[in-house]
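Residue numbers (my numbering): 24 to 266.
A virtual CB, placed ideally from N, CA and C, is assigned to each residue, including glycine.
Notes follow the structure.
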């Protein structure tokens with residue numbers, strides 16, 4: 024992953040520094056998915072960000088300030104993303120210096136673009152691991168060794184499986200994050216724009232896909248994408264011919 028790159032940062036956002044800091048565009052970043060460190064800086068930042076929201080009395084005033092500071096904001100009602108861009112631009116020394124803004128790792132996977140590809144992603148990873156010279160990747164290992172094996176697997180599949188690290192809108196790399204924005208499951212009423220199979224079935228597929236990556240290290244996997252039964256894998260899987 025990009026862990027060495029983001030050491031020293033407390034907030035990681037997908038976006039373009041030039042678009043945010045030079046062009047002052049709120050569409051230069053994505054506030055929907057982000058990584059944040061559990062520390063006092065983050066608590067202070069979230070408190071500052073929340074104070075610009077509709078639950079606080081200065082919400083209307085903040086909307087006008089945000090619109091005035093951004094070049095591509097045509098509404099005087101602040102949203103979470105425009106408020107975030109405003110904080111980074113106007114408080115760059117306080118907030119921006121500890122915020123990593125980049126596009127070198129994709130971690131904003133949208134479910135509608137991902138769940139239908141998961142079977143193909145799994146098949147391509149299996150094909151890469153089945154190849155000659157990759158027997159070491161198929162070896163079962165202790166949990167403390169997982170990072171080392173994961174790094175070796177990433178290096179192997181990077182040449183064999185197209186797509187950016189962390190998945191993406193194109194290519195067949197494993198997604199780091201699959202978010203289900205739009206399904207509205209928490210309210211009890213599914214968004215009619217999406218089918219039950221796409222939302223609820225997609226969540227099960229994504230969870231099973233992620234769970235299989237953990238189970239694999241211990242020699243197990245689910246029987247199928249929507250099957251909760253767990254099967255034991257043969258040694259040297261997926262090179263073994265009986266699976």
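Secondary structure note for residue 229: its alpha helix (DSSP H) is the uninterrupted segment 225-239.
Taking a cut-off of 8 Å for Cβ pairs, the region 113-126 and the region 30-41 touch, as three or more such pairs fall below it. Residue pairing by DSSP places residue 245 opposite 253 in a beta bridge. DSSP, reduced to helix, strand and coil, places residue 183 within a helical segment of the structure shown.
Only residues of its own chain outside the window of five on either side were considered, and among them 51 have a CB closer than 6 Å to the CB of residue 39, listed in chain order. Residue environment: residue 105 is assigned as buried (16 or more neighbouring CB atoms within 10 Å of its CB, all protein chains considered). Residue pairing by DSSP places residue 201 opposite 132 in a beta bridge. If you compare the alpha carbons of 92, 56, 46, 101 with that of residue 73, the shortest gap goes to 101. In the DSSP secondary-structure assignment, residue 59 is bridged to 34. Taking each of 163, 196, 128 in turn and checking the Cα distance to residue 145, the smallest one comes out for 196.
The DSSP-derived three-state label of residue 28 is helix. C-alpha of residue 241 to C-alpha of residue 257: approximately 11 Å in a straight line. Across the structure, residue 184 and residue 249 are spaced so that their CA atoms are roughly 24 Å apart. Judged by DSSP in its simplified three-state form, residue 66 adopts helix. Under the 10 Å beta carbon count, residue 131 is surrounded by 16 or more other beta carbons and is classified as buried. Residue 179 and residue 157 have their C-alpha atoms some 8 Å from each other.
The DSSP-derived three-state label of residue 44 is helix.
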